[in-house]
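I have placed the structure first, in the form of structure tokens, so that the comments after it can refer back to it.
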Amino acid sequence: MATTPTPPGPVLPPSPPVVYLKPPPDWEEHEKPSLPGSPSMPLHQPAVRAAYGLIAVLVALTGGLGNALFTANLPTIQGQMGLTSSEAAWLTGAYVMLNMTANLLVYKFRQQFGMRLFAEIGLGLYALLTLLHLVLGSYTSLLMLRAASGLAGATCSTLGTLYMLQAAPRKHVLKMLVIGVGLGQIATPLAWILSPGLLFNSEWHNLYLFEAGLALISFAGVVVLKLPPGVHIRSFERLDFLTFFLMVPGVGLLISVLVQGYNHWWLDTPWLAWMLIGSIVLLSVALYIEHHRRNPMLQTRWFVLAPTVRFVIGALLLRFLTTEQTYGVIGMQRMLGMTVDQMQPLFIVILLGTIAGIAVSALTFGLENMGKQIVGSIVLFALAAWLDHSRTSLARPEDFFGSQFLMAVGAGLFMGPLMLIGVVQGLKFGAHYMLTAIVTISMTQAMGALMGSALLSTYQMHREQVYSAAIVADVDPTDPIVADRLRLQQQSLARVIADPALRAAQGTAQLAQAARREANVRAYNDVFALTAGVAVLYLLWMLALAGRARQRAFVERMRAAAADASAMRGTDAAAPQDAPGQPPTQPVARA
Numbered sequence: 002m003a004t005t006p007t008p009p010g011p012v013l014p015p016s017p018p019v020v021y022l023k024p025p026p027d028w029e030e031h032e033k034p035s036l037p038g039s040p041s042m043p044l045h046q047p048a049v050r051a052a053y054g055l056i057a058v059l060v061a062l063t064g065g066l067g068n069a070l071f072t073a074n075l076p077t078i079q080g081q082m083g084l085t086s087s088e089a090a091w092l093t094g095a096y097v098m099l100n101m102t103a104n105l106l107v108y109k110f111r112q113q114f115g116m117r118l119f120a121e122i123g124l125g126l127y128a129l130l131t132l133l134h135l136v137l138g139s140y141t142s143l144l145m146l147r148a149a150s151g152l153a154g155a156t157c158s159t160l161g162t163l164y165m166l167q168a169a170p171r172k173h174v175l176k177m178l179v180i181g182v183g184l185g186q187i188a189t190p191l192a193w194i195l196s197p198g199l200l201f202n203s204e205w206h207n208l209y210l211f212e213a214g215l216a217l218i219s220f221a222g223v224v225v226l227k228l229p230p231g232v233h234i235r236s237f238e239r240l241d242f243l244t245f246f247l248m249v250p251g252v253g254l255l256i257s258v259l260v261q262g263y264n265h266w267w268l269d270t271p272w273l274a275w276m277l278i279g280s281i282v283l284l285s286v287a288l289y290i291e292h293h294r295r296n297p298m299l300q301t302r303w304f305v306l307a308p309t310v311r312f313v314i315g316a317l318l319l320r321f322l323t324t325e326q327t328y329g330v331i332g333m334q335r336m337l338g339m340t341v342d343q344m345q346p347l348f349i350v351i352l353l354g355t356i357a358g359i360a361v362s363a364l365t366f367g368l369e370n371m372g373k374q375i376v377g378s379i380v381l382f383a384l385a386a387w388l389d390h391s392r393t394s395l396a397r398p399e400d401f402f403g404s405q406f407l408m409a410v411g412a413g414l415f416m417g418p419l420m421l422i423g424v425v426q427g428l429k430f431g432a433h434y435m436l437t438a439i440v441t442i443s444m445t446q447a448m449g450a451l452m453g454s455a456l457l458s459t460y461q462m463h464r465e466q467v468y469s470a471a472i473v474a475d476v477d478p479t480d481p482i483v484a485d486r487l488r489l490q491q492q493s494l495a496r497v498i499a500d501p502a503l504r505a506a507q508g509t510a511q512l513a514q515a516a517r518r519e520a521n522v523r524a525y526n527d528v529f530a531l532t533a534g535v536a537v538l539y540l541l542w543m544l545a546l547a548g549r550a551r552q553r554a555f556v557e558r559m560r561a562a563a564a565d566a567s568a569m570r571g572t573d574a575a576a577p578q579d580a581p582g583q584p585p586t587q588p589v590a591r592a
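Counting in this note's numbering, the sequence shown runs from 2 upward without gaps.
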């Protein structure tokens with residue numbers, strides 16, 4: 002995502018006229034909000050700034066902890082509610098669908114009505130559905146709760162960033178932006194750390210009591226300490242709602258294909274194809290409407306610009322690389338029988354790494370360092386995946402401390418620069434491109450995570466089948482080593498199984514189980530190797546883009562220098578020349 006000169010592209014529409022709902026106050030220069038819908042930036046007392054910072058942390062964690070707790074404890078919840086893998090996948094899809102599409106409403110709503118009202122609606126609905134699920138405890142109520150959690154997550158991520166911007170003077174706004182954006186990343190390791198205490202004696206109700214409590218406390222904090230007033234403009238149009246109601250099911254169908262493709266297998270389930278076709282049709286109609294609107298909500302012409310295409314590819318790949326941790330390491334440890342409490346120390350290390358990455362990103366953040374920070378993240382991702390690519394079935398959480406600390410630092414490092422690059426790409430063409438940039442960033446991160454899990458899980462299953470077939474083909478009962486292994490397993494079962502035939506069958510089954518475990522470990526190693534390879538290729542692409550950008554800048558400087566030299570020669574040639582044999586012309590002194 003190196004910065005390169007923008008080549009000629011499609012003609013972009015001009016900014017629409019701004020209609021203020023009420024006259025803006027007479028702010029001082031440092032107090033003016035940067036965009037409509039953003040709060041103003043008045044001077045605060047240190048105690049008030051600290052309060053804004055605390056509420057920013059609370060709100061951001063509220064938005065992320067609900068889904069993080071659900072994901073960390075999904076096997077327990079799935080077992081206690083008797084859910085199949087397919088039913089559990091629908092719960093994940095409900096969260097992501099609302100989380101991705103809610104930004105279409107959040108940005109326009111806060112421009113017209115203010116962010117606090119939307120936050121109160123989102124947090125209030127989230128708390129209400131959490132309490133409702135505690136009463137009902139059904140799959141339907143849980144599905145509604147996860148959808149509300151996605152809406153609250155989109156609301157709280159924006160709200161937490163806006164509150165964090167109030168926690169420091171305006172000169173530190175970029176550093177506060179990095180911290181505000183990064184706070185949501187702390188939720189996942191924190192959820193794994195808190196889960197053993199919340200699930201004491203398998204009381205799953207404690208998870209939802211904790212969710213409801215966080216939502217209510219955040220609701221109270223937002224009401225008590227309000228954001229400073231901003232500028233409200235007329236933002237919504239009738240066609241906005243048509244686009245929204247086309248985008249939501251279109252995105253939902255696409256997400257459903259990604260979350261269910263692995264469970265039902267991609268090519269064996271016809272309704273997956275119909276869902277994908279429906280998604281393409283709905284999204285195409287929505288984008289067609291937006292493309293031909295006078296004042297579109299999504300700037301479709303911006304999507305086809307070369308810098309935008311590079312940004313989207315880069316953002317997807319960055320989030321894809323983080324699935325080495327969220328899918329690969331966690332999946333491997335769960336396959337080896339590790340529980341939440343056994344992985345708690347690993348996530349303490351991941352939490353420290355994430356905080357360190359956010360801190361380094363904030364302290365070194367600047368327009369000139371954005372590309373360097375992203376390159377640093379890619380290097381850390383590649384190194385972490387390479388360290389993990391040769392694990393064995395004896396690997397335990399403490400064996401991943403070093404690699405996952407590097408992975409966490411990289412994850413904390415790239416989010417702030419990525420956000421600012423996307424915003425800058427949009428604001429180059431006007432403030433009305435801001436919504437398109439925000440939606441693009443949100444969708445690339447959500448889709449990158451889903452696509453990463455879907456692709457890596459499919460690749461892992463394929464490699465596991467290959468290794469299982471190879472291992473089984475080499476297992477010959479007449480081989481002395483295999484026969485001795487079977488004899489030892491049968492002897493270990495002699496105290497509990499008296500029947501020799503049944504004991505022999507059980508021993509053979511245990512050997513097959515061990516072979517399957519080893520095949521899975523090898524398959525996960527291939528996943529880690531694939532991730533490292535993608536990171537290296539991405540790094541080379543980034544360096545090539547940066548080199549081409551420097552080359553273009555050098556050519557432009559040479560052309561400018563040549564033009565200046567040509568202009569100087571032209572000026573010298575136009576100066577009056579003295580006739581041959583005549584003395585040089587003397588300048589005439591003027592009074």
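Note that beta-carbon positions come from the ideal geometry of N, C-alpha and C, so glycine has one too.
Comparing C-alpha distances from F415 to each of A432, A447, T445 and I379 shows the shortest one belongs to I379. DSSP places H265 inside the alpha helix (DSSP H), whose first and last residues are R239 to H265. Straight through space, the alpha carbons of G453 and R392 are spaced by roughly 21 angstroms. Apart from the 5 residues on each side of it in sequence, W28 sits with its Cβ closer than 7 angstroms to the Cβ of S41 in its chain, given in chain order. Cβ-Cβ distances below 6 angstroms link S39 to G231 in the same chain, with the five nearest sequence neighbours on each side left out; the list follows chain order. Under the DSSP definition of a beta bridge, G231 partners with P40. Under the three-state reduction of DSSP, H206 is assigned to helix.
For I442, the closest alpha carbon among the candidates L457, K429, G423 and F430 is that of G423.
Assignment of P47 by DSSP, reduced to helix, strand and coil, places it in the helix class.
The beta carbon of I349 sits closer than 7 angstroms to those of I194, all from its chain and outside the five residues before and after it, given in chain order. Going by beta carbons, G413 and I359 fall inside the 8 angstroms limit.
With 16 or more neighbouring CB atoms inside 10 Å of its own CB, D389 falls in the buried class. Contact between the stretch 49–63 and the stretch 393–405 is absent: fewer than 3 CB-CB pairs across the two stretches fall below 8 angstroms.
For H433, the number of other beta carbons within 10 angstroms of its own is at least 16, and it is reported as buried.
The stretch 135–145 makes no contact with the stretch 258–265: fewer than 3 CB pairs, one atom from each, lie closer than 8 angstroms. Taking G279 as the centre and dropping the five residues before and after it, the same chain places the C-beta of L254 closer than 6 angstroms to its C-beta, in chain order. Assignment of K172 by DSSP, reduced to helix, strand and coil, places it in the helix class. For K429, there is no enclosing alpha helix (DSSP H), as DSSP gives it neither H nor E.
Put simply, the stretch 308–322 does not touch the stretch 163–183. Fewer than three CB pairs are less than 8 angstroms apart. Going by DSSP, E121 is part of the alpha helix (DSSP H) stretching over M116 to L137. Within the same chain, Cβ atoms closer than 6 angstroms to the Cβ of V179 are found at S362, A363, F366 and G417, the five residues on either side in sequence being excluded.
The criterion of a C-beta distance shorter than 8 angstroms is satisfied by T532 and G329. Here T131 is near Y209, since their CB atoms are less than 8 angstroms apart. Just measuring C-alpha positions, the residue of R311, P250 and W303 sitting nearest L283 is P250. Judged by pairs of C-beta atoms under 8 angstroms, the stretch 337–351 does not touch the stretch 456–464, as fewer than three such pairs exist. The alpha carbon of M98 has as its nearest neighbour, out of A155, V522 and A357, the alpha carbon of A155.
Contact check between the stretch 524–539 and the stretch 380–387: three or more CB pairs, one atom from each, fall below 8 angstroms, which counts as touching. Between F245 and L126, the C-beta spacing is not below 8 angstroms. Segment contact: the stretch 113–120 against the stretch 146–166, three or more CB-CB distances shorter than 8 angstroms; contact assigned.
Counted as a single uninterrupted DSSP element, the alpha helix (DSSP H) harbouring A386 occupies residues M371 to D389.
Rounded to whole angstroms, the gap between the alpha carbons of P501 and E519 is 27 angstroms. The beta carbon of S257 is closer than 6 angstroms to those of G94 and M276 in its chain, skipping five residues each way along the sequence. Approximately 7 angstroms separates the beta-carbon atoms of A153 and G67; this is inside 8 angstroms, confirming the contact.
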